[in-house]
């Protein structure tokens with residue numbers, strides 16, 4: 216994630232991953248201002264124990280694709296809502312990756328950041344039965360909560 220404001224938007228995702236006891240580390244990597252840092256991070260992420268990378272980016276949104284081109288790890292891209300085009304520029308930049316540069320693209324803004332954390336947790340849970348069960352339980356409780364608050368039969 217780049218700017219401080221962008222990191223603030225990921226607060227909900229951080230809290231949810233903490234609840235699920237999913238290890239996480241946040242790095243500030245800016246592709247235009249610190250290209251060597253971005254390159255070094257992406258090339259060594261696997262060796263440094265990372266399993267999934269969540270990259271938030273605004274504007275031209277190069278970061279997720281650049282990282283994906285340099286690492287064998289899955290990369291999830293979160294478009295940051297910008298003042299100019301409300302995040303549409305970011306979304307279109309992240310989603311339009313060329314063949315061979317895979318980036319899982321999430322929704323613009325806070326919902327996308329939260330879902331990136333959930334999706335990363337689900338990916339990590341594939342070989343962790345306790346985490347998988349925790350996610351399944353959360354999803355079941357969420358469905359019950361939605362149904363309990365629904366106004367069925369109205370209209």
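Residue numbers (our numbering): 216 to 370. Cβ coordinates follow ideal geometry from the N, Cα and C atoms, glycine included.
Cross-strand partners of residue i (DSSP beta bridge)
{"i": "residue 320", "result": "292"}
{"i": "residue 268", "result": "290"}
Assumed close pair residue i, residue j - CB separation to whole angstroms, cut-off 8 angstroms
{"i": "residue 268", "j": "residue 275", "result": "Not a contact, Cβ separation roughly 19 angstroms."}
{"i": "residue 292", "j": "residue 272", "result": "7 angstroms"}
{"i": "residue 332", "j": "residue 302", "result": "About 18 angstroms; that fails the 8 angstroms criterion."}
{"i": "residue 283", "j": "residue 312", "result": "7 angstroms"}
{"i": "residue 254", "j": "residue 285", "result": "7 angstroms"}
Environment of residue i [buried if 16+ CB atoms lie within 10 Å]
{"i": "residue 358", "result": "exposed"}
{"i": "residue 308", "result": "buried"}
{"i": "residue 217", "result": "Confidence is the limiting factor: at residue 217 the pLDDT is only 49, short of 50, which leaves the residue's position unreliable and the question unanswerable from this model."}
{"i": "residue 356", "result": "exposed"}
{"i": "residue 290", "result": "buried"}
{"i": "residue 298", "result": "exposed"}
{"i": "residue 270", "result": "buried"}
{"i": "residue 257", "result": "buried"}
{"i": "residue 306", "result": "buried"}
{"i": "residue 344", "result": "exposed"}
{"i": "residue 339", "result": "buried"}
Nearest residue (CA-CA) to residue i, options the options
{"i": "residue 296", "options": "319, 342, 327", "result": "327"}
{"i": "residue 334", "options": "320, 345, 344", "result": "320"}
{"i": "residue 318", "options": "343, 306, 280", "result": "280"}
{"i": "residue 349", "options": "360, 361, 336", "result": "336"}
Beta-carbon proximity of residue i to residue j, cut-off 8 angstroms
{"i": "residue 300", "j": "residue 265", "result": "no"}
Neighbour flag for residue i against chain D, beta carbons, 8 angstroms
{"i": "residue 274", "result": "Going by chain labels, chain D is absent from the structure shown, which holds only one protein chain."}
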